[in-house]
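First comes the structure, then the notes that go with it.
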Amino acid sequence: MNGFGLLIYLSGLFNQTSPLLANNSVNKSKFAIFNLGWLVLLGLLLPIQAFAHSVKASKPVADLRADVNRDGLVDIDKSSESGGDKKGQHTWTVKRGAIVLPNLDDDAERCDEATAIRNLSVTACNDSKDTIINGEADFTDLAELRLMPWRGAPNHASATIHIAPKSAHKARLFIQKNGRWVMFQANQPLTARELRAGSNLRLEALDVVRDKRHWDGNIDVFAMVTDGKTKVADHVRFHVAPLIVQTDLMPVEQLYLPGMPWGQDDPSTLTGIAGNAAVDPIISRPSAKSVFGYLSILDAAKPGTGILSQSSVASAEKLGLLGSAFKAFYDDFVTASSALRPLARIFDLSTFEDPWVQDMYEMAFATMPKPDGKVQIMHIALRSPQPQRWSAQLPLVELLGPNVGIVEQWADDSGFAPNSGEYSSNSTGNFGTIPPYSYRDKNYPLGRVLFGAGKAWMQTGGGIIDSSIPGSGELVLTDRFPDKTFVKLLSDQGMQKPMVIDTAWLAVGHIDEIVAFVPADSRRGWKVVVADPAGAWGLLTNMADKGLGATKFLSGLEPWATGIQVELLDRTVADVANDAKIEAAQRIAHSKIASVINVLKRETGINDDEIIRVPVLFEPTFFNEQSFIALTPSAANLVALGQNKVAVAKQHGPLVNGVDVFEEAVTSALQADDLSVFWVEDYIQAHGGSGEIHCQSNTLRKPGSLANWWKRGHRTKHNEG
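The opening residue of the sequence shown carries number 773 in the working numbering; numbering runs sequentially from there.
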C-alpha cells in the first residue's frame, strides 16, 4: 500500500471510531489527544506523498512537435503511436516530414531600386537577411515548432534547443517570450518555468538547396532537457521546400512585359489602351530618359560593348518607330489578357535597353501546408546565371516583394563570370518545363525541367557572341552548355528531373524558339507545339508552283516600313523560294527539330497526334552560315495564357486573297485543339532583334493543385536529378 492508500485507510478507521469516543464522557479527554495525534499524522503523511509524486514527475521530458503529417497543424494531443506528428519526425521523405519555406521574399518591402544600383546581387536584401520577424506576412512564411510542456519540471530543470551544426548557417529559430517573438540564440537555456509552460517556436530557412553535396536541405532541430542529473533529447527533421519551376499549363496571374524604350513618353500615357475600363493593365514606374533604344539579343549577348541593334537610334524618327512598335506590342497583349477570367494583371518592368524579360529569370515556387487545407506559396524568380547582365538588376528588384523572392546561382561568385557557361545558353529563355506526365514506369507529377545545349560549328566558340568577321576563321565544333551550377540547382531539387534537347544550332540557342507546351483535351492534358520548317517551306513553294511567286513575301508592315530594309520589303515569294541558302537552312532546321521530337517521344511517350506543328522558316545568320534564326516570326515562341488561350506573334506572311497564309496555317493548327489565338505585333519590337513575344514577356502563374506537391504520387527513384 502506498502512502496515499494508507492515508485513506486510516481516515476511514478514524471516521468509524470517532463517534464512539465522542459519546463516552470518560474518554473525552482521550479523544482530544487522539484527534491531535491524527492531525499530526496527516501533517506528516501529506508532504511525504507530495514528495513521492514530485520525485516520480521529475523525470525529464523532451518532446518536440512539428507539422510532420502536413495537415497544417502541430498536433499536441496525439502520442507517437497514434500516427500524428510524432510518427516519423526524425526522417524526411517527399510524402511525409516537416517543411519550411526558404524565406527569400521581402514582406517589409524595404528593398528598393537603389539596392539594385548599389549591389551586384539583388539577393542582398530580403527577409532572410535580418533577425526579426517582419510582421504578420513574414510570420506566415515560418514553420511552426513546439516544445511540449513538462508540467512537473523541478526548479533546477533546464533545456536547450539548437539547429544541427551542418545546417545551422541555413536556418534560424525564433521563440515567443512574454508575448513577443525574438530570435532564439543557439543553446540559449530555457528555465524550469518555461519548461512547465512549453515553448512556441518558429523556424526560418535562409536558403534553397543548391548542391546536395554541400547541403541536402535537411534542418535538424534538437531539444535537450535535463533535471541536473539525467538528460533527455528529442529532435525533428525539417526540409526546406523544394523549388518547383512553374509550367505553362498554369493560369497566368501576373504578366510581365518590358517597359517603354528609353527616350519615349512615360508608360502612364498608355493606361487607357484597349478601351476596357475593367483592365488595370500597367503599373507605371519612373524611367530615366535617354536617346537610346532597345538592344537586340545579338547585342545584349556582348556585355559592355554598348553597340545598339537599332544602330545609333538618336534621331526622333527612330525613337518614334520604337515607341509605336512598343505600343502595338503592348496593346495586343492587353487585348489578349483582357479575355482571361480572372484578369491577368500586367506589369511593365524597367528594362530600358534590354527588353528580353524572359531571359532574365525563370519563375518557380515553393510551398508548405497551412491549416484548413490551405497552402503558403512563395514565388521564386530564378535569375539567369548572367551576372554580366546588369540590366536585369532593376526589373528583379521590382519583382521582389511579399511572397516573391529571388535566387541567384552561377559558377563564379566573384561578381563577373564570363566563363560560367555559354552566355546565351544561360538565358532563362533556354529553360522551361514539360508539364506533368507518366510514361511506362516513370512518373513525373510535377513535370520536368527542359533546357537546351549541344555542339555547334562556331568560329570563336561563343555561339551568339561569336563576333568574328564572317569567313575570317575556321569553324570549330564547340560545346554550348549553360552554367552547370545552375543546372545542378534545378536537378538537386529532386522534383523535376532535367531533360536536354539540342538548341546549339540556333544562333540564340533557346528552347522557346522551337518548342512550347499548351493545354489540350487529351489523356495527358497537354500537347507540344513545335516549329515546322518543312511545313513552312511547303507553303512557300506551293504558292510559287501556283503562279503566285510575284506575291510580296512580307505584308502588313507599312507602319514600320522606315525601320525595315527596302530590299526585304520588296522581296517576293519566288525570291525566297529560289534562295539556295534558305532552302538548305530548312533542311538543316527540319533535321535538328526532328531529333528534338525524337527525344521528346522517347522520354515522354508523346505520339504524332500530340504534336502541333506550326510553320516557321529559318535562315542562317550573317556571321555564321551554320547558325540559324527565325526568318518568319516564330509561332512556336508563343505565350500560353491559360483557359485554352495563346498569344502568337503576327506572321506578316504573304497574302492570298487578302489572307496571310502563315497566319491561316498557324490558326488552323492551334484551333484544331480548341486553342484561341490572339495575335501580338512584334516585328519591330522583338522579331527584328532575333526573338519573339515569349522572349519579351514573363509570367507569374498560379500553381493550383501542384502546390500540394507532397500529394502528387511521387516515385522518388525516377524524380531525383
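For glycine and all other residues, C-beta sits at the position ideal for the given N, C-alpha and C.
Distance cut-off 7 Å: residue i Cβ against heavy atoms of the ligand GTP
| i | result |
| --- | --- |
| M1230 | For the structure depicted, the ligand GTP is absent and the ligand set is empty, with no information on it obtainable. |
Contact with chain C by residue i, beta-carbon distance below 8 Å
| i | result |
| --- | --- |
| L1478 | This model lacks chain C altogether; it includes just one protein chain. |
C-beta atoms of residue i and residue j nearer than 8 Å
| i | j | result |
| --- | --- | --- |
| M1150 | G1177 | yes |
| S1327 | R1252 | no |
| T1313 | A1349 | yes |
| V1518 | D992 | Given that the chain is displayed from residue 773 to residue 1493, the structure contains no residue 1518 and the question cannot be resolved. |
| A1402 | F1394 | no |
| Y1133 | L1166 | no |
| G844 | K1142 | yes |
| L1222 | I1273 | yes |
| E966 | A943 | no |
| L1029 | I935 | no |
| V866 | V997 | no |
| I1495 | I1369 | The structure shown does not extend to residue 1495, since the chain is modelled only from 773 to 1493, so the question has no answer here. |
| A1421 | E1375 | no |
| R1220 | K1269 | yes |
| S939 | N875 | no |
| L836 | H1007 | yes |
| Q1423 | F1434 | yes |
| V1345 | G1321 | yes |
| I1365 | M1271 | no |
| G1377 | Y1195 | no |
| H1466 | N1429 | no |
| A1308 | P1387 | yes |
Backbone CA spacing between residue i and residue j [nearest angstrom]
| i | j | result |
| --- | --- | --- |
| G1226 | A838 | 46 Å |
| D857 | D847 | 6 Å |
| V1051 | W1128 | Residue placement at V1051 is poorly supported in this model, since its pLDDT is 35, which falls under 50; the coordinates are not used for a value here. |
| Q1158 | A1458 | 21 Å |
| P1405 | T1019 | 23 Å |
| S900 | M920 | 27 Å |
| K1474 | E1025 | 6 Å |
| V1147 | S1448 | 32 Å |
| Q1482 | R842 | The residue you asked about is not Gln; residue 1482 is Trp in the sequence shown. Those two C-alpha atoms are separated by around 9 Å. |
| D879 | N959 | 29 Å |
| P1254 | D884 | 30 Å |
| L1478 | G1297 | 14 Å |
| F1289 | K1353 | 30 Å |
| R952 | Q1181 | 36 Å |
| L1311 | S1109 | 31 Å |
| A1111 | F1105 | 10 Å |
| I1152 | L1172 | 9 Å |
| N1202 | T1107 | 27 Å |
| V827 | P1174 | Because the pLDDT of V827 is 41, which lies under 50, any placement of that residue in the model is unreliable, and the number read from its coordinates should be weighed accordingly. Approximately 51 Å, taken between the alpha carbons. |
Backbone secondary structure at residue i - three-state DSSP
| i | result |
| --- | --- |
| E1397 | strand |
| A870 | strand |
| T1250 | strand |
| F1124 | coil |
| E1391 | strand |
| R842 | coil |
| Q1165 | helix |
| P1382 | Before going further, note that residue 1382 is Glu rather than Pro in the sequence given. Helix, per DSSP. |
| T998 | strand |
| Q1443 | helix |
| I1016 | strand |
| R1155 | strand |
| S1469 | coil |
| I729 | Missing from the structure shown is residue 729; the chain here goes from 773 to 1493 and no further. |
| L782 | Unreliable placement is indicated for L782, whose pLDDT of 42 sits below 50; the coordinate value is still reported in the next sentence. Three-state result, L782: helix. |
| V980 | coil |
| K1142 | coil |
| G1173 | strand |
| L1094 | helix |
| L1410 | coil |
| Q1423 | coil |
| A1306 | helix |
Cβ-Cβ separation, residue j to residue i (assumed contact under 8 Å), whole Å
| i | j | result |
| --- | --- | --- |
| Q1415 | P1023 | 7 Å |
| L917 | L973 | 4 Å |
| E1456 | A1097 | The residue you asked about is not Glu; residue 1456 is Ile in the sequence shown. That pair is a contact at about 4 Å. |
| E1453 | A1100 | 4 Å |
Run through the stretch 895 to 970 for me and flag every whole alpha helix (DSSP H) of 4 or more residues, listed as ranges in chain order. 907 to 911 and 964 to 969
What alpha helix (DSSP H) runs, 4 residues minimum, are completely inside the stretch 1311 to 1374? 1338 to 1342 and 1345 to 1349
If you scan the stretch 1191 to 1227 from start to end, which runs of the beta strand (DSSP E) of 3 or more residues do you find wholly inside it? 1203 to 1206, 1209 to 1211 and 1214 to 1216
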